Amino acid sequence: SFSIFGMEKQLPPGFAMTTTHAQALLNEHGVRSPIGTMNAVIKWMPSSEANPEIGQLGIRLHSISFDVAMVKAHSQKNPRVSVQTYDENGEPRKIKRWDPRGLFSKGTSATTANII
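Here my numbering is used: the first residue of the sequence shown is 1, the next is one more, and so on.
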C-alpha cells in the first residue's frame, strides 16, 4: 500500500508559525499530511532486454481508503489519481493515461452512463 497525501502543506512539529515568515516557512519546510492509503500494484515491463529502461509502466489501483480523522465526508470523495515522472533537469512530466477501450466502447460507456 502507498500513502496518500493532502494538497495543503503544514509545518512539521517544532516549527512556530510567525506572521512575517509564515509563507516562507511553509515553502521551505512545509510537509503534506498523510490522509489515507492506496492499494495498488506497480509493474515495469521493458520493451526489450537490450533497452530495459524503455518499456511500459502498468499501474492497477485496487482500493483507496481515507483516514476518517483527516478527511471530512470521506465516503463522498471521488479521488483522482495522476502519475508523473521527472526529466533530466528534474522537471515533472505528467504521464498520460492509456485507455484500452476502442472508440465504440467509449461511446457505449458514455451512452449507458457506465451501467453495463
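We treat Cβ as the ideally placed atom computed from N, Cα and C, and that holds for glycine. Keep in mind it's a predicted model, so treat the numbers as computed, not measured.
By the three-class DSSP mapping on this structure, what secondary structure does residue i have?
i	result
ALA73	coil
ALA50	coil
Return the CA-CA distance between residue i and residue j, expressed in angstroms with no decimal places.
i	j	result
ARG80	TRP44	22 Å
ARG60	GLY6	21 Å
SER1	PRO46	23 Å
ILE54	HIS62	26 Å
THR85	ALA73	31 Å
GLU49	GLY30	42 Å
What residue from the options has the CA that sits closest to residue i's CA?
i	options	result
GLY36	GLN56, ARG93, LEU61, ILE4	ILE4
LYS9	SER33, VAL68, MET38, ILE54	SER33
ILE42	GLN56, ASN51, GLU49, ALA50	GLN56
MET38	PRO92, SER65, GLU88	SER65
SER82	GLN76, ALA73, LYS72, ARG93	ARG93
Rounded to whole angstroms, how far is the Cβ of residue i from the Cβ of residue j, which I believe are closer than 8 Å?
i	j	result
LYS77	VAL71	7 Å
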